[in-house]
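Taken in order, the sequence shown gives residues 1 to 432; the numbers are from UniProt numbering.
Below: the structure, in C-alpha cells.
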Amino acid sequence: MNVTITPSSVRGTARAPPSKSYTHRAILAAGYSDRTTVRDALWSADTRATARAVDLFGGDVERHEDGTLEIEGFDGRPEVPADVIDCENSGTTMRLVTAAAALADGTSVLTGDESLRSRPQGPLLEAIADLDGDAYSTRGNGQAPLVVTGPISGGGVSIPGDVSSQYITALLLAGAVTDEGIDIELETELKSAPYVDVTLEVLEEFGVDARHTDDGFAVDGGQTYDPVGGTYAVPGDFSSISYPLAAGSIAGAEADGVRIEGANPSAQGDTAIVDIVDRMGADVEWDREAGVIEVSSASLSGIEVSVADTPDLLPTIATLGAVADGDTHITNAEHVRYKETDRVSAMAEELGKMGVETSEEQDSLTVHGSESRLEGATVRGRDDHRIIMSLALAGLVADGETTVEGADHVDVSFPGFFGMLEELGVALERRE
Ligand SMILES: O=C(O)C1=C[C@@H](OP(=O)(O)O)[C@@H](O)[C@H](O)C1
Ligand SMILES: C=C(OP(=O)(O)O)C(=O)O
C-alpha cells in the first residue's frame with residue numbers, strides 16, 4: 001500500500017497504542033507462568049510473532065475482542081517446537097525467543113524476514129554457548145536462520161552492551177527459570193539501557209527478582225512467574241506517542257492542538273520525546289497523573305540530542321529537525337543502524353528527496369533545518385514502520401503531496417497509525 005499525504009494541520013484527541021516492548025515481555029513472561037491474563041496488549045505483527053512462539057513452546061494465547069490476552073503458559077519449561085519459529089520482522093521476538101529456546105530439551109529453529117535475517121544475533125548465540133547450550137547461525141555470519149539446542153542450566157556470561165539491549169532482556173527473562181540463574185557481565189557500555197529497566201519492571205510485576213550488579217545484571221534461578229492476581233496491564237507506548245506529539249509540534253492548530261491520552265509514566269526511555277519537543281520550542285504540557293499530553297505547534301529550533309538510550313526516536317527527531325530552524329545534531333546513533341533498516345542513512349536519504357540537507361557520520365546524523373518548506377516527494381518506507389511514520393509526518397508540512405511507498409508496514413507497531421492521522425484531520429489517500 002502507498003499512502004499519499006496532503007499537507008494538513010492537526011487537531012483533536014489521539015490515544016496512545018499499548019506499548020510494544022511491554023507487550024512482548026508480558027506475553028513471554030505469561031508463557032513462563034502457569035496462566036496469566038494480559039490486559040491492554042498491543043496486537044500487531046511483531047507481538048503476534050511472540051504469541052506464536054509461546055504457542056509453539058506449548059503455551060496457548062487466546063485473544064478477546066477487547067484486546068485482553070488469556071495466556072496458558074508452558075510453566076517455565078518450553079517444549080521443543082513442532083515447527084520453525086518465524087519471528088517475521090521482530091528483533092525483540094527473535095532475541096527473547098532465542099534465549100527461551102535454549103531452555104528446551106532439544107533443538108529449535110528460528111528465522112525471520114529479509115530485514116531480520118540481516119540483523120546481529122552473534123553475541124546472544126555466543127552467550128548461550130558459554131552457558132553450555134548450542135546456538136549457531138546456519139550461515140555462520142551471526143544472523144538468522146538460527147539453530148538453538150538446550151537445555152541450559154544457567155551460569156555466568158559476558159556480552160557487549162552496545163549492539164542490542166535485547167540480549168540482556170532475553171537472558172534475564174530465561175535466566176529466572178534456569179537452575180542456577182544467570183549473571184551477565186557487560187563488556188562495553190550499555191546502549192538502549194531503559195529497555196532493560198522495562199524488563200526489570202515487568203519481571204517485578206511477575207514476582208521475579210532480577211537486579212543491576214556492579215558490572216551488569218543478574219537473575220537468580222528457580223523462580224516462578226506469577227503476577228499479582230494473575231493479571232498484568234500494558235501501559236501506553238511512548239515511541240508511538242512520538243508521532244502524534246511530533247505531528248502536533250509541527251502541524252498542530254494553534255488554538256486547539258493535539259491531546260494525547262494514555263500517556264502514563266513508565267520505565268520507557270522514549271518518554272524523553274516530551275522533553276525533546278519542549279526543548280525545540282513546541283508548546284507542550286504533560287499531566288503525568290492524568291496520562292495526558294497536550295501539544296500545539298510553534299516555530300521549532302534545532303537542538304543537540306543523544307539517542308543512546310532512545311534509538312527508536314531517531315526517525316521522529318530527524319523529521320522534527322527537518323522542520324526546525326538550524327541544525328539538529330543527533331548523537332550516539334550507531335546502534336540505530338542495526339534496526340529494521342539502517343535508520344540513520346534511511347532518514348538522511350529519504351528526507352533528502354524532500355529537499356532536506358543532512359550530514360551523516362557513523363555515530364550521528366545532523367539535519368540542517370531551514371525555514372523554507374519541505375518539498376512533497378515520493379519516498380520509500382523501506383519496509384520499516386518508523387521510517388514510514390516519520391516520513392508521513394514530514395508530508396504534513398511539505399509543499400504539495402508526499403507519497404510514502406510500502407506504508408502497510410506500520411502494522412508492526414502501530415496498526416491504527418493512518419486512521420489516527422485521519423481522525424486528527426489529515427487528508428490522505430491509501431492506494432493498493
Ligand atoms: O527491548 C525492546 O523492547 C527494544 C529495545 C531496543 O532495541 P536495542 O536494544 O536492540 O537497541 C529498541 O530499539 C526496540 O525497538 C525495542
Ligand atoms: C527496532 C524495533 O523493534 P525490534 O528490534 O523488535 O525489531 C522498533 O520497534 O523500532
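Built from N, CA and C at the ideal position, the CB exists for glycine as well.
The closest CA to that of R35, considering only Y22, D60, S296 and T169, is found on D60. Between H409 and A218, the alpha-carbon positions lie close to 36 Å from each other. Per DSSP, the unbroken alpha helix (DSSP H) holding A170 starts and ends at Q166 to G175. DSSP places V148 in the uninterrupted beta strand (DSSP E) bounded by L146 to T149. Within a 10 Å sphere around the beta-carbon of R386 sit 16 or more other beta-carbons, which makes this residue buried.
Take A272, set aside five residues on each side of it, and the residues of its chain with a beta-carbon closer than 6 Å to its own are T310, in chain order.
Following the DSSP letters along the chain, one finds R431 inside the beta strand (DSSP E) bounded by residues A427 to R431. Distances between the C-beta of P311 and the heavy atoms of ligand 1 include at least one below 7 Å. Rounded to whole angstroms, T199 and R48 show a C-alpha spacing of 19 Å. S306 is not a Cβ neighbour of G281, given a cutoff of 8 Å.
Under the DSSP assignment, H335 falls outside any beta strand (DSSP E); it carries neither an H nor an E label. Taken atom to atom, the span from the alpha-carbon of G230 to that of T37 is near 6 Å. Annotation: the continuous beta strand (DSSP E) that includes F217 extends over G216 to V219.
Under the Cβ criterion (8 Å, minimum of three pairs), the region 206–223 counts as touching the region 169–180. Taking 8 Å as the cut-off, the Cβ atoms of R373 and D399 count as close.
The residues V157, I159, Y167 and L171, in chain order, have a CB closer than 7 Å to that of A127 in the same chain once the five nearest residues on each side in sequence are set aside. Secondary structure of G381 (DSSP, three-state): coil. D327 is bridged by DSSP to H368.
By the Cβ rule, the region 335–347 does not count as touching the region 289–296, because fewer than three pairs are nearer than 8 Å. Taking 8 Å as the upper bound for CB-CB distance, G248 and R15 are not in contact here, some 14 Å apart. Residue D283 holds the alpha-carbon nearest to the alpha-carbon of A255 among S242, D283 and E361. In this structure S8 does not touch D237 by the C-beta definition: roughly 23 Å separates them, more than the 8 Å allowed.
In this structure, V404 lies near V3, with their beta-carbon atoms less than 8 Å apart. The closest CA to that of L424, considering only K339, A251 and D312, is found on A251. For L124, the enclosing alpha helix (DSSP H) has its first and last residue at G122 to D130.
Pairing L116 with G142 gives a Cβ-Cβ distance that is not under 8 Å. Nearest in C-alpha terms to K339, of all of D383, G222, A193 and V202, is D383. Within the model, the alpha-carbon separation for G140 versus I5 is close to 43 Å.
V234 places its beta carbon less than 8 Å from that of Y22.
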